[in-house]
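Q: Protein chains in written order, with this note's numbering: chain A, 2 to 112; chain B, 42 to 154.
Think of the CB as a built atom: it goes at the ideal place given N, C-alpha and C, for glycine as much as any other residue.
This structure is in structure tokens; I'll ask about it shortly.
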Amino acid sequence: QKEVEQNSGPLSVPEGAIASLNCTYSDRGSQSFFWYRQYSGKSPELIMFIYSNGDKEDGRFTAQLNKASQYVSLLIRDSQPSDSATYLCAVQGAGSYQLTFGKGTKLSVIP
Amino acid sequence: NAGVTQTPKFQVLKTGQSMTLQCAQDMNHNSMYWYRQDPGMGLRLIYYSASEGTTDKGEVPNGYNVSRLNKREFSLRLESAAPSQTSVYFCASSEDRANSPLHFGNGTRLTVT
Numbered sequence: 002q003k004e005v006e007q008n009s010g011p012l013s014v015p016e017g018a019i020a021s022l023n024c025t026y027s028d029r030g031s032q033s034f035f036w037y038r039q040y041s042g043k044s045p046e047l048i049m050f051i052y053s054n055g056d057k058e059d060g061r062f063t064a065q066l067n068k069a070s071q072y073v074s075l076l077i078r079d080s081q082p083s084d085s086a087t088y089l090c091a092v093q094g095a096g097s098y099q100l101t102f103g104k105g106t107k108l109s110v111i112p
Numbered sequence: 042n043a044g045v046t047q048t049p050k051f052q053v054l055k056t057g058q059s060m061t062l063q064c065a066q067d068m069n070h071n072s073m074y075w076y077r078q079d080p081g082m083g084l085r086l087i088y089y090s091a092s093e094g095t096t097d098k099g100e101v102p103n104g105y106n107v108s109r110l111n112k113r114e115f116s117l118r119l120e121s122a123a124p125s126q127t128s129v130y131f132c133a134s135s136e137d138r139a140n141s142p143l144h145f146g147n148g149t150r151l152t153v154t
């Protein structure tokens, strides 16, 4: 059973701070890693994905991947109240297009 | 560009009733999926279809059936609804390649009383 673990939170950060969201996965053969944002009552929307070790930046968002530690993270710089949402980590296994999701981390950005 | 369209948005059923959730995508994707999302449980895969005419079970298939009617449409049927099937259901589609993200519909909120 492939597992994706996230701290459920809530994670509270002040406006303007860096929010750090973490995710670990059990399948060492996993190849691609996705971060989705989900506002309450809405569907998940893709923020970014990463498949190589290291950092990938997109605006205020940075995804970090460490395959040796089976760890992926999402950093949100200059956090805004509009970033308050649940963040889902999803992992794509080797030889499969399916995604396995973590249970999500709820982020609250305090003005 | 509509993306992934799900109907209905909301539904209330009595135990034992049946219904079909409809999903259509206009992105020419081969792969389509049905997930359910419950508080504290995250998104769990019910069924998926890698191509027209094929379907496979996911993590929680019991109590559900699916039909991949054509490349665009993938429906989910509850033959005899149970309170345990109260959930939010999401349809999604993706391309058949590594690094391909899922594109989600807006969801169906189902309550079974």
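1. Report the residues of the segment 79–97 of chain B with a CB closer than 7 Å to any CB of chain A, ordered along the chain.
2. At 8 Å on the CB atoms, spell out the chain B contacts of F62 (chain A), in chain order.
3. For Q65 (chain A), decide whether its Cβ has a neighbour in chain B, counting only Cβ atoms nearer than 7 Å.
4. With distances taken Cα to Cα, identify the nearest neighbour of Q93 (chain A) among A:A18, A:T25, A:D79.
5. In chain B, which residues lie with their C-beta within 7 Å of the C-beta of Q1 (chain A)?
6. Quick check: is the beta carbon of P49 (chain B) nearer than 7 Å to any beta carbon in chain A?
7. Which one of B:N140, B:L151, B:E100, B:W75 has the shortest CA to CA distance from A123 (chain B)?
8. Kindly give me the distance between the Cβ atoms of Y89 (chain B) and M68 (chain B), rounded to whole angstroms, as I take these residues to be in contact under 8 Å.
9. If we define contact as Cβ-Cβ less than 7 Å, is P45 (chain A) a contact residue for chain B?
10. Which residue wins for smallest C-alpha separation from S41 (chain A), given the options B:L143, B:V129, B:S141?
11. What did DSSP end up calling D129 (chain A) once you bin it into helix, strand or coil?
12. Taking L100 (chain A) as the query, report the chain B residues whose CB atoms sit under 7 Å from its CB, ordered along the chain.
13. With a threshold of 16 other CB atoms inside 10 Å of the CB of R29 (chain A), please say whether the residue is buried or exposed.
A: So, from the listed chains and residues:
1. G81, M82, G83, L84, L86, Y89
2. Here residue 62 (chain A) refers to the residue found at position 61 when the first sequence is read from its first residue. Residues of chain B passing the Cβ test: none, with the nearest at roughly 14 Å.
3. Counting from one through the first sequence, the residue named residue 65 (chain A) turns up at place 64. No, its Cβ sits nowhere closer than 7 Å to a Cβ of chain B.
4. Taking the first sequence and counting its residues from 1, the one referred to as residue 93 (chain A) is at position 92. Here the closest residue by C-alpha is A:T25.
5. Residue coverage of chain A in this structure runs from 2 to 112, which leaves residue 1 (chain A) outside it and unanswerable.
6. Here residue 49 (chain B) is taken as the residue at index 8 of the second sequence, counted from 1. False, the Cβ-Cβ gap to chain A never drops below 7 Å.
7. For this step, residue 123 (chain B) is matched to residue 82 along the second sequence. When each option's Cα is compared against that of A123 (chain B), the closest is B:L151.
8. The residue you call residue 89 (chain B) lines up with position 48 of the second sequence. The residue you call residue 68 (chain B) lines up with position 27 of the second sequence. About 16 Å separates the two Cβ atoms, so there is no contact after all.
9. Residue numbering aside, residue 45 (chain A) sits at position 44 when the first sequence is read from its first letter. By this cut-off, P45 (chain A) is an interface position.
10. What you label residue 41 (chain A) is simply residue 40 of the first sequence in a count that begins at 1. The candidate whose alpha carbon is nearest that of S41 (chain A) is B:V129.
11. The structure shown has nothing for residue 129 (chain A), since chain A only spans 2 to 112.
12. Your numbering for residue 100 (chain A) matches position 99 in the first sequence. Neighbours of L100 (chain A) on chain B, chain order: L143.
13. Position 28 of the first sequence, counted from the first residue, corresponds to residue 29 (chain A). R29 (chain A) comes out exposed.
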